[in-house]
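Below is one structure, written out as structure tokens; the observations come after it.
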Amino acid sequence: MNFVIRTALVALLATTAPAFAQTQEPDMAELVDSVTTIATGLSTRVSTLSEVIAASTDGDAAAKALDEMLEAARQMQTDLGRDSQVWTDINDMLTVWGERRDDLRKRAVSNPALAPVAETWQARIDEALKLREQILKQSAESQALIDQIKAQREVVLAYYEAALADQALATMRAISDELGQMNDQMTSIVNQAGVVADPANVATE
């Protein structure tokens, strides 16, 4: 994954802002790095959850496992929510690219050859909007998982109090599986960031 992202960064850094862009150019390398770091962090957490759950032989250990899962979901919400730097950077990027597209469309009135270039920027904007939608969905799912973990915590601990460890473990594994699905979705988000950064989608004049 790191090789793919680094390749994307080279492409992004090669697309400097034209003079007509009025909004400050966002740090695209930092945006892609941020998305990759978030994905890597979640992947690391998910990879250790099965061991943590297997070691949950009593209520105290289960509480620690649930805390770990809750922290993973909360970190996702912090990293991808509407108040996050990733969200701000994507919106700034869309503003800059929108300015480029609009400027080219105006100039295309007197020079029709610029029209296809403007539409290339529109295509890239469309891909960035897909990325933003994926991030918004992931943020919503992480919040839902936070609520679920809080609700299931009492259930899991009650199972242990009743000496029903199998049911408790099954409940925790279900939560872990949802985190695993989020991990898969983060891979998709990283891939989409690569699409947005693909030099094939970069308009040139």
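The opening position of the sequence shown corresponds to residue 126 in the working numbering, with each subsequent residue numbered one higher. The C-beta atom is built at its ideal place from N, Cα and C for all residues, glycine as well.
Determine the extent of the alpha helix (DSSP H) in which Ser181 is found, giving its start and end residues.
Counted from its first residue, the sequence shown places residue 181 at position 56. Bounds of any alpha helix (DSSP H) do not take in Ser181, whose DSSP letter is neither H nor E.
Between the segment 311 to 323 and the segment 253 to 264, are three or more C-beta pairs nearer than 8 Å?
Touching, yes, given that three or more Cβ pairs across the two stretches are closer than 8 Å.
Go ahead and label Asn308 buried or exposed: buried means 16 or more other beta carbons lie within 10 angstroms of its beta carbon, across all protein chains shown.
For this step, residue 308 is matched to residue 183 along the sequence shown. Answer is buried; the Cβ neighbour count reaches 16.
Buried or exposed for Val234, going by 16 or more other Cβ atoms inside 10 Å?
For the purposes of this step, residue 234 is identified with residue 109 of the sequence shown, where counting begins at 1. Per the 10 Å Cβ criterion, exposed.
Assuming Ile250 and Trp212 form a contact by the criterion Cβ under 8 Å, report the distance between their Cβ atoms to the nearest whole angstrom.
By one-based count along the sequence shown, residue 250 stands at place 125. By one-based count along the sequence shown, residue 212 stands at place 87. That belief does not hold up - the Cβ atoms of Ile250 and Trp212 are roughly 16 Å apart, past 8 Å.
Same chain, Cβ closer than 7 Å to Gln277, five either side skipped, listed in chain order:
In the sequence shown, counting from the first residue as 1, residue 277 sits at position 152. Closer than 7 Å at the Cβ level, and outside the excluded window around Gln277, lie Thr296 and Ile300.
Relative to the alpha-carbon of Thr173, which residue among Arg199, Asp302 and Leu256 has its alpha-carbon at the smallest distance?
Taking the sequence shown and counting its residues from 1, one reaches residue 173 at position 48. Measuring from the Cα of Thr173, the nearest candidate turns out to be Asp302.
Please look up how many angstroms separate the CB atoms of Arg230 and Ala243, rounded, as I've assumed it's under 8 Å.
Along the sequence shown, one-based indexing puts residue 230 at 105. Along the sequence shown, one-based indexing puts residue 243 at 118. Contact flag correct, Cβ pair sits at about 5 Å.
Applying the 10 Å Cβ sphere with the 16-neighbour rule, what's the burial state of Gln306?
As a working note, residue 306 is residue 181 in the sequence shown. If you draw a 10 Å sphere on the C-beta of Gln306, you find fewer than 16 other C-beta atoms in it, and that means exposed.
Kindly indicate which three-state DSSP category Ala146 falls into: helix, strand or coil?
Mapped onto the sequence shown, residue 146 falls at position 21. Because Ala146 sits at a pLDDT of 43, beneath the cut-off of 50, its placement in the model cannot be relied upon, and the point is left open.
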